[in-house]
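Engineer: This is the structure I have questions about; it appears just below.
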Amino acid sequence: MPNNDLICANCGSSHIVKNGTIHNKKQKYQCQTCQIQFVPNNSKVYINDQTKELIDKLSK
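Plus 27 on top of the position in the sequence shown (first one is 1) and you've got this note's numbering.
Written as structure tokens, this is what we have:
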């Protein structure tokens with residue numbers, strides 16, 4: 028069943044279906060038009076400089 032709330036960023040199609048999950052249980056989708064797989068709102072968590080320094084100190 029197509030998910031009409033999502034739009035493919037690759038081709039602009041709204042023919043999107045669920046296609047499993049990724050390692051952290053986020054829903055994965057697939058465009059039925061261009062076959063690309065994606066996770067909507069997949070935000071990356073960035074490590075600030077202070078945390079990087081702490082990691083460097085602990086790894087030595």
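C-beta atoms are modelled at their ideal positions from N, C-alpha and C, and glycine is treated no differently.
Cysteine 38 to cysteine 58, Cα distance in whole Å?
Structural biologist: Near 9 angstroms, if we compare the C-alpha coordinates of cysteine 58 and cysteine 38.
Engineer: Count the C-beta pairs between the segment 50 to 64 and the segment 80 to 87 that are closer than 8 angstroms, then say yes if the count reaches three, no if not.
Structural biologist: no
Engineer: Can you tell which of Leu33, Ile34, Pro67 has its C-alpha closest to the C-alpha of isoleucine 49?
Structural biologist: Pro67
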